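Worksheet: the structure to be examined is printed underneath.
Residue numbers (the numbering used here), protein chains in the order written: chain B, 214 to 304; chain H, 48 to 243.
In structure tokens, the structure reads:
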């Protein structure tokens with residue numbers, strides 16, 4: 214699966230979406246759209262959030278499934294919350 | 048294999064559940080108390096022993112529990128100051144697991160009868176034999192290896208404390224690690240002084 218690039222390969226700053234296309238009627242929408250916060254996270258971080266939702270927010274169950282300890286999973290979540298807040302403030 | 052090694056020795060607090068860690072820590076706590084009482088010793092600090100005749104298993108268990116609780120109280124207060132979400136069970140597991148290398152050191156010390164070797168050296172020095180001619184080469188070699196092993200064990204003990212606190216509090220600052228070790232070390236010294 215292709216992963217959407219987030220950072221500019223030339224200068225390293227955040228990329229924006231310039232064009233959206235409809236596969237069905239081939240309508241094109243042009244503009245400058247910021248990437249949603251969730252898309253700006255790494256694949257592992259997005260997977261973590263999806264797992265969090267699948268386990269109904271139970272860090273205990275997630276820890277058992279990931280083979281990690283509860284405080285480790287809690288720390289990953291806390292770091293993720295911090296990163297999301299940082300990305301939100303940058304917008 | 049490499050992953051298992053990392054899980055078990057490098058970062059056990061990141062991979063094992065609190066129940067597993069507590070279970071292992073508790074078993075080693077009980078076994079070490081039995082070992083220490085059988086060899087006529089008693090704890091007088093976080094990692095120190097002194098000889099005591101007719102010491103019972105229960106008294107060693109009780110005294111060691113007190114030292115464990117003091118270290119838990121200290122690290123828990125520090126943990127809460129760093130991160131309000133710090134749990135008591137995680138701190139308790141840090142203290143119990145970090146003591147295991149020390150217990151292994153005790154086991155080897157008793158197994159090779161290190162006290163007897165040190166007594167021979169003390170006697171040699173007191174009789175003026177400063178070149179330790181009366182001490183066998185094998186004993187000297189054993190003492191050297193034990194000394195090096197002890198240094199490694201002490202470093203590993205402090206490494207486990209820092210690693211455990213990092214997992215329990217999500218601390219990423221090196222300065223706080225140094226502060227934790229300093230406070231732990233000072234508390235150990237203070238306790239020994241207060242008791243003596």
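By construction, the Cβ of each residue, glycine as well, lies at the ideal position given by its N, Cα and C atoms.
Bear in mind that the values here come from a model prediction, so they are computed numbers and not experimental data.
Excluding its 5 nearest sequence neighbours in each direction, residue 242 of chain B has C-beta neighbours in its own chain below 6 Å: 233, listed in chain order. Within the region 96 to 127 of chain H, not one residue has a Cβ closer than 8 Å to any Cβ of chain B. Chain-ordered, the chain B residues with CB closer than 8 Å to the CB of residue 132 of chain H read 287 and 291. The alpha-carbon of residue 122 of chain H is positioned some 10 Å away from that of residue 228 of chain H. One alpha carbon belongs to residue 233 of chain H, the other to residue 203 of chain H, and they sit about 18 Å apart. Per DSSP, residue 139 of chain H is one residue of the alpha helix (DSSP H) stretching across 135 to 145. DSSP places residue 97 of chain H in the strand class (E or B) of the three-state scheme. Between residue 224 of chain H and chain B, the shortest Cβ-Cβ separation is not below 9 Å. A distance below 9 Å separates the beta carbons of residue 152 of chain H and residue 200 of chain H. For the region 204 to 243 of chain H, the continuous alpha helix (DSSP H) assignments of 4+ residues that do not extend past its boundaries occur at 221 to 242, in sequence order.
Of B:286, B:257, B:244 and B:283, the smallest CA-CA separation from residue 228 of chain B is found for B:244. Residue 283 of chain B is positioned such that its CB atom lies no closer than 9 Å to that of residue 166 of chain H. Selection H:100, H:90 and H:168 evaluated against residue 191 of chain H yields H:168 as nearest (Cα-Cα).
Neighbourhood of residue 215 of chain B in chain H, by CB distance below 8 Å: empty, with the nearest CB roughly 30 Å away.
DSSP places residue 56 of chain H outside any beta strand (DSSP E), giving it a letter other than H or E. For the C-beta of residue 61 of chain H, the chain B residues within less than 7 Å are, from N- to C-terminus, 281, 282 and 285. By the C-beta criterion, the region 103 to 117 of chain H is judged to be in contact with the region 76 to 86 of chain H, since at least 3 inter-stretch pairs fall below 8 Å. By the neighbour-count criterion, in which 16 or more other beta carbons inside 10 Å mark a residue as buried, residue 216 of chain B falls on the exposed side. According to DSSP, residue pairing for residue 241 of chain B in a beta bridge involves B:234. Per DSSP, the beta bridge partners of residue 88 of chain H are H:98. For the pair residue 71 of chain H and residue 189 of chain H, the Cα-to-Cα distance works out to about 29 Å. Rounded to whole angstroms, the gap between the alpha carbons of residue 207 of chain H and residue 239 of chain B is 60 Å.
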